[in-house]
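Student:
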Amino acid sequence: MKKILFLHGFYASGQCVPALALHESFKGRAEVVTPDLPMHPKDAVSFIRGLIEREEPDLLIGNSCGAFYAQIVAPVMGIPALLGNPHLQMTEFLKQRIGEHQYKSPRNDGKQNFVIDETLIEEFAEMEAIQFNNCNPDFKDRIWGLFGEKDTLAHFEPLFLKHYNRSFHFPGGHTPTADEVRTWYVPLAEKMLESI
Numbered sequence: 645m646k647k648i649l650f651l652h653g654f655y656a657s658g659q660c661v662p663a664l665a666l667h668e669s670f671k672g673r674a675e676v677v678t679p680d681l682p683m684h685p686k687d688a689v690s691f692i693r694g695l696i697e698r699e700e701p702d703l704l705i706g707n708s709c710g711a712f713y714a715q716i717v718a719p720v721m722g723i724p725a726l727l728g729n730p731h732l733q734m735t736e737f738l739k740q741r742i743g744e745h746q747y748k749s750p751r752n753d754g755k756q757n758f759v760i761d762e763t764l765i766e767e768f769a770e771m772e773a774i775q776f777n778n779c780n781p782d783f784k785d786r787i788w789g790l791f792g793e794k795d796t797l798a799h800f801e802p803l804f805l806k807h808y809n810r811s812f813h814f815p816g817g818h819t820p821t822a823d824e825v826r827t828w829y830v831p832l833a834e835k836m837l838e839s840i
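Counting from 1, position 54 in the sequence shown corresponds to residue 698 in our numbering; the numbering is continuous, with no gaps.
#1: Going by CA-CA distance only, name the one from Val676, Asp680, Phe654 and Pro831 that's closest to asparagine 752.
#2: For a minimum of 4 consecutive residues, which ranges assigned as the alpha helix (DSSP H) are wholly contained in the region 710-793?
#3: Give the DSSP-derived three-state secondary structure of histidine 850 in the structure shown.
#4: Here's a check: name, in chain order, each residue in its chain whose Cβ is nearer than 7 Å to the Cβ of isoleucine 765, leaving out the five neighbours to either side.
#5: Mapping the DSSP letters down to three states, classify phenylalanine 654 as helix, strand or coil.
#6: What does the alpha-carbon distance come out to for the pair isoleucine 787 and proline 682?
#7: What's the gap between the Cα of glycine 789 and the Cα of glutamate 767?
#8: Would you decide whether asparagine 707 is buried or exposed? Buried here means 16 or more other CB atoms lie within 10 Å of its CB.
#9: Flag this pair as yes or no: are the beta carbons of valine 825 and proline 724 separated by less than 7 Å?
#10: Could you check if methionine 645 is buried or exposed, using at least 16 other CB atoms within 10 Å of its CB as the buried criterion?
#11: Would serine 749 pass as a contact of alanine 688 if the rule is Cβ separation under 7 Å?
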């Protein structure tokens with residue numbers, strides 16, 4: 645059975661709507677692993693790399709910040725990735741949101757509150773500066789982008805297309821609904837899995 649590793653967005657968790665929709669859509673056909681990611685980017689990338697080594701997924705699917713991480717890790721670990729509304733400049737997103745916040749879906753550790761501060765923004769800035777360092781010609785067609793036409797948060801298709809060839813659109817916003825995951829994400833994921 646094929647295995648998919650889903651990487652959620654910044655405010656989300658492994659229990660977010662897209663994660664649950666992927667579980668439901670692939671039930672009996674592929675195992676879907678949906679962990680809670682650490683908030684700090686270096687910790688998150690290290691965690692994801694360790695998880696890939698243990699779980700050996702066939703495909704990464706990321707949304708927003710999770711897609712940012714997937715793009716960084718996929719070429720290094722040799723795994724294809726589907727990037728949903730990749731947020732490739734997290735610093736701009738975070739600078740407008742300094743202060744205390746709550747995750748939008750439950751986390752396994754029970755922690756629902758977190759703080760965005762200058763230190764966190766600087767950590768993301770360091771990672772943004774090197775995020776495309778591991779791009780290579782072999783991955784131009786193995787990393788696909790899926791962009792919501794009503795996304796008001798991330799507008800990075802032009803930047804994505806400087807590095808990768810396969811770009812798709814869906815008529816939704818930044819965070820896909822369960823129906824949008826089933827209608828747009830799942831068929832692309834299936835196509836990617838078939839080509840492995």
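Even for Gly, the Cβ is constructed at its ideal location relative to N, Cα and C.
None of the values given here were measured: they were computed from a predicted structure.
Tutor: The structure says:
#1: Per the Cα distances, Asp680.
#2: Restricting attention to alpha helix (DSSP H) runs no shorter than 4 residues, the region 710-793 encloses them at 734-739 and 762-774, ordered along the chain.
#3: An answer regarding residue 850 cannot be provided, because it is not within the stretch 645 to 840 covered by the chain.
#4: Close CB contacts of isoleucine 765 within its chain, under the 7 Å cut and outside five residues either way in sequence, are with Thr735, Leu738 and Lys739 (chain order).
#5: Reduced to three states, the DSSP call for phenylalanine 654 is coil.
#6: Going from the Cα of isoleucine 787 to the Cα of proline 682 covers about 23 Å.
#7: Those two C-alpha atoms are separated by around 24 Å.
#8: Buried: at least 16 other Cβ atoms inside 10 Å.
#9: The answer is no: Cβ separation not under 7 Å.
#10: Exposed: under 16 other Cβ atoms inside 10 Å.
#11: No.
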